[in-house]
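Contents: one structure, followed by commentary.
There are 2 protein chains.
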Amino acid sequence: MQASDIAAHVPTVTVHDPVSWALRVMAVNRLPGMVVVDGSGRPLTVLPGTQVLRLAVAESFQQDPALARTIDEAHADLFWEELADLTVGDCLPAKRAKPLTVAADATLLEVAALMCREHSPLIAVVAPDGSLSGAITLERLLTSLAVSRPES
Amino acid sequence: MQASDIAAHVPTVTVHDPVSWALRVMAVNRLPGMVVVDGSGRPLTVLPGTQVLRLAVAESFQQDPALARTIDEAHADLFWEELADLTVGDCLPAKRAKPLTVAADATLLEVAALMCREHSPLIAVVAPDGSLSGAITLERLLTSLAVSRPES
């Protein structure tokens, strides 16, 4: 099998979308991450789910567990309320890693190796012109590998 | 809400279980990672899904994308066949990070901050005696936060 055989269409976000929207799209679609695309639909970056969540958690809480503990339960439930109008672009790290992509003809081993190496359960598949042709989730990869596998 | 309010029972593995079994349990249960427990049911480590996958991908392929590309498609589909009898314990890094756990009374902000910091979409919840009382997935956290959130 090749990457294009198991890639699926996934909803994407742009840097102009609110962070709260990105989180919602991810949750509703049960995605393990999000592909951020530019204005022409090319992948700008692929964020693992925890790093989409990271956009919504103040840096101070991420770094200091003791500080997070000082916030009472009622306020802790609403921490992402503070996001309000923040966009994905506002919260992305200034230094962006290159997008986690494979070509349509990549093998499942190449996809697996990239997921392991980059700790990303979501990988974008790109066409030769650089446009997004789909994405592969870790779950989809495992299911596809299981199908290839003689029953043990 | 507290961690115990949203924690769910999850299947676990031990260091004696085959890696192929851990991957299968994760896929079948649509989990974003696995909790590895010791003989008394205490969390030994919590592995994000990509790191469970990592147990199955030879180190050489993880490090060298060019090497992964040399494996033809038919063999690439079956790369985890080589695992055969390898156990989770055989493949865990020698230096294990401390398990990603929170206490039952941790707030959702504390859970979120830990997920971001450790890049783990799965966090174990432990009872005061150190035993596993459940786990929280990123998806479950996002859904719970959405419930807390006034509709916008």
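If you read the sequences in order, they're chains S and C.
Under the working numbering, the first residue of the first sequence carries the number 654, and numbering increases by one thereafter.
Under the working numbering, the first residue of the second sequence carries the number 654, and numbering increases by one thereafter.
A virtual CB, placed ideally from N, CA and C, is assigned to each residue, including glycine.
>> List, in chain order, every chain C residue whose beta-carbon is nearer than 8 Å to that of H772 (chain S).
In response: Residue numbering aside, residue 772 (chain S) sits at position 119 when the first sequence is read from its first letter. Counting only Cβ-Cβ distances below 8 Å, H772 (chain S) has contacts in chain C at P701, T703, Q704 and H772, in chain order.
>> DSSP three-state label for A756 (chain C), please.
In response: Locating residue 756 (chain C) in the second sequence gives position 103, where the first residue counts as 1. A756 (chain C): strand per DSSP, three-state reduction.
>> Quick check on A780 (chain S): does DSSP put it in helix, strand or coil?
In response: Taking the first sequence and counting its residues from 1, the one referred to as residue 780 (chain S) is at position 127. In the three-state scheme derived from DSSP, where H, G and I count as helix and E and B as strand, A780 (chain S) is classed as coil.
> In terms of alpha-carbon separation, which member of C:D717, C:L706, C:R770 and C:S786 lies closest to A745 (chain C)?
Replying inline: Sequence index remark: in the second sequence, residue 745 (chain C) carries index 92 (1-based). Sequence check: residue 745 (chain C) is Leu here, not Ala. Ranking C:D717, C:L706, C:R770 and C:S786 by Cα distance to L745 (chain C) puts C:L706 first.
> Who are the near neighbours of R793 (chain S) in its chain, counting only those whose CB is closer than 6 Å to its CB and skipping five residues on each side?
Replying inline: Your numbering for residue 793 (chain S) matches position 140 in the first sequence. Here the set comprises I659.
> From the DSSP output, which residues share a beta bridge with A661 (chain C)?
Replying inline: Working through the second sequence from its first residue, we reach residue 661 (chain C) at position 8. The partner list for A661 (chain C) (beta bridge, DSSP) reads C:A788.
> How long is the line joining the alpha carbons of T796 (chain C) and A719 (chain S), rounded to whole angstroms?
Replying inline: As a first step, residue 796 (chain C) must be located in the second sequence, where it is residue number 143. As a first step, residue 719 (chain S) must be located in the first sequence, where it is residue number 66. If you take the alpha carbons of T796 (chain C) and A719 (chain S), they lie about 25 Å apart.
> Going by Cα to Cα distance, which pick from S:K751, S:L767 and S:T698 is closest to G742 (chain S)?
Replying inline: Counted from its first residue, the first sequence places residue 742 (chain S) at position 89. Residue S:T698 is the option with its Cα nearest to G742 (chain S).
> So does the stretch 748–762 of chain S actually touch the stretch 775–793 of chain S, counting three or more Cβ pairs closer than 8 Å?
Replying inline: At 8 Å Cβ cutoff, the stretches touch.
> Can you list the residues of chain C that R707 (chain S) reaches, using a CB-CB cut of under 7 Å?
Replying inline: Along the first sequence, one-based indexing puts residue 707 (chain S) at 54. Chain C residues near R707 (chain S): C769.
>> Give me the chain C residues within the contact set of L791 (chain S), using Cβ-Cβ distance strictly less than 7 Å, ordered along the chain.
In response: Taking the first sequence and counting its residues from 1, the one referred to as residue 791 (chain S) is at position 138. Those are G702, T703 and L706, listed as they occur along chain C.
>> Helix, strand or coil for V690 (chain C)? Go by DSSP, reduced to three states.
In response: In the second sequence, the residue the question calls residue 690 (chain C) occupies position 37. Shown here, V690 (chain C) sits in a strand according to DSSP, grouped into three states.
> Residues of chain S with CB under 9 Å from R677 (chain C), in chain order?
Replying inline: Residue numbering aside, residue 677 (chain C) sits at position 24 when the second sequence is read from its first letter. Residues of chain S passing the Cβ test: L795 and A799.
> What residues from the stretch 744–756 of chain C come within 8 Å of chain S, judged by C-beta to C-beta, listed N to C?
Replying inline: Here the close residues number zero.
> In three-state DSSP terms, what is V678 (chain S)?
Replying inline: Counted from its first residue, the first sequence places residue 678 (chain S) at position 25. Shown here, V678 (chain S) sits in a helix according to DSSP, grouped into three states.
> What are the boundary residues of the beta strand (DSSP E) that V699 (chain C) is part of?
Replying inline: For the purposes of this step, residue 699 (chain C) is taken as the residue at position 46 of the second sequence. Residues P696 to P701.
> Which two residues bound the contiguous alpha helix (DSSP H) that contains D743 (chain S)?
Replying inline: Mapped onto the first sequence, residue 743 (chain S) falls at position 90. Segment V741 to C744, the alpha helix (DSSP H) holding D743 (chain S).
>> Using C-beta distances below 6 Å, list every residue in its chain close to A668 (chain S), excluding the 5 sequence neighbours before and after it, in chain order.
In response: Walking along the first sequence from the start, residue 668 (chain S) turns up at place 15. The sequence shown places Val at residue 668 (chain S), rather than the Ala named in the question. For V668 (chain S), the CB contacts under 6 Å within the same chain, skipping 5 residues up- and downstream, are V741 and G742 in chain order.
> Counting contacts by CB-CB distance shorter than 8 Å, is E653 (chain C) in contact with chain S?
Replying inline: Nothing can be reported for residue 653 (chain C): it is not among the residues displayed for chain C, which extend from 654 to 805.
> Terminal residues of the continuous alpha helix (DSSP H) containing R722 (chain C)?
Replying inline: In the second sequence, the residue the question calls residue 722 (chain C) occupies position 69. Taken as a continuous stretch (DSSP letters only), the alpha helix (DSSP H) holding R722 (chain C) covers P718 to R722.
>> Can you tell me whether D730 (chain C) is buried or exposed? The criterion is at least 16 other CB atoms within 10 Å of its CB, across all chains shown.
In response: Here residue 730 (chain C) refers to the residue found at position 77 when the second sequence is read from its first residue. That one is buried.
> Mind pulling the chain C residues with CB within less than 7 Å of L697 (chain S)?
Replying inline: Sequence index remark: in the first sequence, residue 697 (chain S) carries index 44 (1-based). Correct list: empty, because the minimum Cβ distance to chain C is about 20 Å.
>> Beta-carbon within less than 8 Å of S805 (chain S)'s beta-carbon, same chain only, minus the 5 sequence neighbours each way: which residues are those?
In response: Start at 1 with the first residue of the first sequence, and residue 805 (chain S) comes out as number 152. Note that S805 (chain S) has pLDDT 46, beneath the 50 cutoff, so the model's placement of it is unreliable and the number below is only indicative. Cβ within range, chain order: n/a, list empty.
> To the nearest angstrom, how far is it from the Cα of R722 (chain C) to the Cα of S773 (chain S)?
Replying inline: Locating residue 722 (chain C) in the second sequence gives position 69, where the first residue counts as 1. Locating residue 773 (chain S) in the first sequence gives position 120, where the first residue counts as 1. Between R722 (chain C) and S773 (chain S), the C-alpha separation is close to 19 Å.
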